[in-house]
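To start, the structure under review is shown below, and the notes come after it.
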Amino acid sequence: MNTVGSARSFAASLVFFTVWLAAGVSLVPQPLPDQVPASPHAEGHGRYARGGRAGAVVFVTNLDDSGPGSLREAVRQSGPRTVVFRVSGIIQLESPLTITESFLTVAGETAPGDGICLRRSGIGIEGASDVIIRHLRVRPGDEVKTEQDALNITRGSRNILIDHVSASWSNDEVLSVSGPGIDNVTVQWCLISESLNRSHHSKGAHGYGSLIRTDGKVSFHHNIYAHNSSRNPRPGTYGNKPGLLFDFRNNVIYNWGSRAGYTAEDPARINYVANYLKPGPSSQTPKVAFSVGGATTRLFVADNVLEGTGDLADPWQIVRLEKELRRDQVVAEKAFDTALVLTQPAREACRSVLKGAGAVLPRRDPVDNRIIHEIEAGQGRIIDSQKEVGGWPAYKTGPVPVDKDNDGLPDAWEELHGLDPDNPSDHAADRDKDGYTNLEEYLQELTGGR
Numbered sequence: 024m025n026t027v028g029s030a031r032s033f034a035a036s037l038v039f040f041t042v043w044l045a046a047g048v049s050l051v052p053q054p055l056p057d058q059v060p061a062s063p064h065a066e067g068h069g070r071y072a073r074g075g076r077a078g079a080v081v082f083v084t085n086l087d088d089s090g091p092g093s094l095r096e097a098v099r100q101s102g103p104r105t106v107v108f109r110v111s112g113i114i115q116l117e118s119p120l121t122i123t124e125s126f127l128t129v130a131g132e133t134a135p136g137d138g139i140c141l142r143r144s145g146i147g148i149e150g151a152s153d154v155i156i157r158h159l160r161v162r163p164g165d166e167v168k169t170e171q172d173a174l175n176i177t178r179g180s181r182n183i184l185i186d187h188v189s190a191s192w193s194n195d196e197v198l199s200v201s202g203p204g205i206d207n208v209t210v211q212w213c214l215i216s217e218s219l220n221r222s223h224h225s226k227g228a229h230g231y232g233s234l235i236r237t238d239g240k241v242s243f244h245h246n247i248y249a250h251n252s253s254r255n256p257r258p259g260t261y262g263n264k265p266g267l268l269f270d271f272r273n274n275v276i277y278n279w280g281s282r283a284g285y286t287a288e289d290p291a292r293i294n295y296v297a298n299y300l301k302p303g304p305s306s307q308t309p310k311v312a313f314s315v316g317g318a319t320t321r322l323f324v325a326d327n328v329l330e331g332t333g334d335l336a337d338p339w340q341i342v343r344l345e346k347e348l349r350r351d352q353v354v355a356e357k358a359f360d361t362a363l364v365l366t367q368p369a370r371e372a373c374r375s376v377l378k379g380a381g382a383v384l385p386r387r388d389p390v391d392n393r394i395i396h397e398i399e400a401g402q403g404r405i406i407d408s409q410k411e412v413g414g415w416p417a418y419k420t421g422p423v424p425v426d427k428d429n430d431g432l433p434d435a436w437e438e439l440h441g442l443d444p445d446n447p448s449d450h451a452a453d454r455d456k457d458g459y460t461n462l463e464e465y466l467q468e469l470t471g472g473r
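In C-alpha cells:
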C-alpha cells in the first residue's frame, strides 16, 4: 500500500555494463542489481528514470527555435545527455518540440537569471524512455491557431519524470499522459494552470487540466491545478482491462469550472488520497471533488479535504456517482499497490505545494506568483486568452558560471569538491560511489531538494 515511504530511502550503488548498438557504440548506464532514483526526492512510478546519467553534456546557448546551440538541437541528439542552459529567456517555438530520443535530462534549473519559458508551441515526449524534465516553463498561448497541450507524454514513452514544471496557456489539456504503451510516469511538484477555455479548439470550450489515458502505471503527486474548467484530472484508458493504474495524492486543485476530476466508461484503477480542493469563483460544482462515470472504474478514496464540506465522516461524501452507479460497483476497499510517495496530510501538503510547486528555479516568475496569490486569496477565474492576465513576462538572463572544461560543472564547484576543472570527463564519475554522478550531485545541490 502506498502510504509512507520514499525514494529517499534508496541508497544503492551502480554497476555499469556496455550496450553496443548497431548504429554505433553507445555506452548506456545500466544499474545492477539495485536501482537508483532519478534524484533523492524523485517518487512514484517514474522515480527510476535515468535521464542523461553519465552521458554527454549539451549546452543551450541561444533562444533560437532550432540550429546549433538551441534547445531543439539538444533534445534531437541521441545517447545519454544532460541539457545545461547558458542563457535565460523565452524560446519562441515554430513547431512543437518533440522528444523521441531516450536518456535525456533537461535541467532547467541551470539557466542563469530568470529561467526558460517555451512560447507558441508545447513540448511532447513520444516513444522515448528515461526522460527527466525539471524547472521548465511551457506557456504556448493562442498565437498559433491549432489545438495543443503545453506538455504531452504519448505513445510508447516509459520511465518519465516531470518535476517542477510550470505549464499553462494551452487550448486542449495543459499536461497529459495519453496513448498506448506508456508506463512508469511521475508528474510531481508541477503547476498546471490556466488552460485557455474558449480558444482555438474545434470542440469549442476546452480548457482542461490533464488527460491520463493509458494502460500503464502513472503517479501524480504534489501538483497544483488552478483555473482549469475540467479534467483535474481525467484518468482512464482506451478500453484495455484492467486499465490504467493511477496514483493521485497530495495535489492541490483550485477553481475548477464544470467539474474537478472524473472518469468515464473506460477502465481505471485509482488511488485518490490526501488531496486538497478549494472551489473558486468559477467553480460550478463546489462540493464535488471527483465524479465516477463508469462501472469499470475502481476508486480508493481517503483523507481528502474539500473546503466548504467540513470534516468528512464519509470520504465518499465528495464523490459523485453518475449514471445510476452504486458505490459497491466502483469502490476499492483498500489502496492499490503503487510506487512509494511520502504522503502528507492534505492540509500540510497544501502548504508545501503552494510554497514549492512549479518552476521555482532559478526563481518563480510573475505568472506563477500570481497564481499562488489567487489560490491563497480565493481570486482569479478561468480565462480564454493569456492576454487577459498580461501575457508573458520578460525573462532576464544572468552571468554564467566559469566552466573551463565544458563539463557542466562550474570550476568553483569542482575545486570545492576535489575535482579537476581541466578534466572534461569527471562530470560522469561518481566520486562518493553513491550511484549519482558528479554532475547529478551538482544539480541536486543547485535545486536544494526542489
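With this note's numbering as the guide, the letters of the sequence shown map in order to residues 24 to 473.
All C-beta atoms, glycine included, are put in the ideal place defined by N, C-alpha and C.
{"Item": "Beta-carbon gap between SER242 and GLY67 smaller than 8 Å", "Value": "yes"}
{"Item": "Short Cβ contact (8 Å threshold) for VAL376 with VAL210", "Value": "no"}
{"Item": "Beta-carbon proximity list for ARG282, same chain, < 7 Å, skipping 5 on both sides", "Value": "SER253, THR308, VAL311, SER314"}
{"Item": "Buried versus exposed, by CB contacts within 10 Å (16 or more), ARG70", "Value": "buried"}
{"Item": "Nearest candidate by alpha-carbon position, reference ILE183, set ASP172, VAL208, GLU170", "Value": "VAL208"}
{"Item": "For VAL311, the residue or residues it bridges with in DSSP", "Value": "Answer is none; VAL311 lacks a bridge partner."}
{"Item": "ASN461, DSSP secondary structure in three states", "Value": "helix"}
{"Item": "Through-space distance from THR123 to GLY179, alpha-carbon basis", "Value": "10 Å"}
{"Item": "Member of VAL167, VAL354, PRO119, GLY78 whose CA lies at the smallest distance from the CA of ASP430", "Value": "GLY78"}
{"Item": "Helix, strand or coil at ASP476 according to DSSP, with G and I counted as helix", "Value": "The chain is shown from 24 up to 473; residue 476 falls before or after that span and cannot be answered."}
{"Item": "Simplified DSSP state of ASN182, which is helix, strand or coil", "Value": "strand"}
{"Item": "Extent of the continuous beta strand (DSSP E) run through CYS140", "Value": "139–142"}
{"Item": "Where LEU50 sits in the DSSP three-state scheme", "Value": "Any reading at LEU50 must be qualified, since the residue scores a pLDDT of 40, below 50, and its modelled position is unreliable; the value itself is stated next. Residue state, collapsed to three classes: coil."}
{"Item": "Reduced DSSP secondary structure (H/G/I, E/B, other) of LYS456", "Value": "coil"}
{"Item": "Euclidean distance between Cα positions of PRO203 and GLY316", "Value": "22 Å"}
{"Item": "Cβ-based neighbour list, PRO338, same chain, cut-off 8 Å, excluding 5 preceding and 5 following", "Value": "VAL324, ALA325, ASP326, ASN327"}
{"Item": "ARG473 versus ARG349: straight-line alpha-carbon distance, rounded", "Value": "42 Å"}
{"Item": "Helix, strand or coil at ASP270 [DSSP, three-state]", "Value": "strand"}
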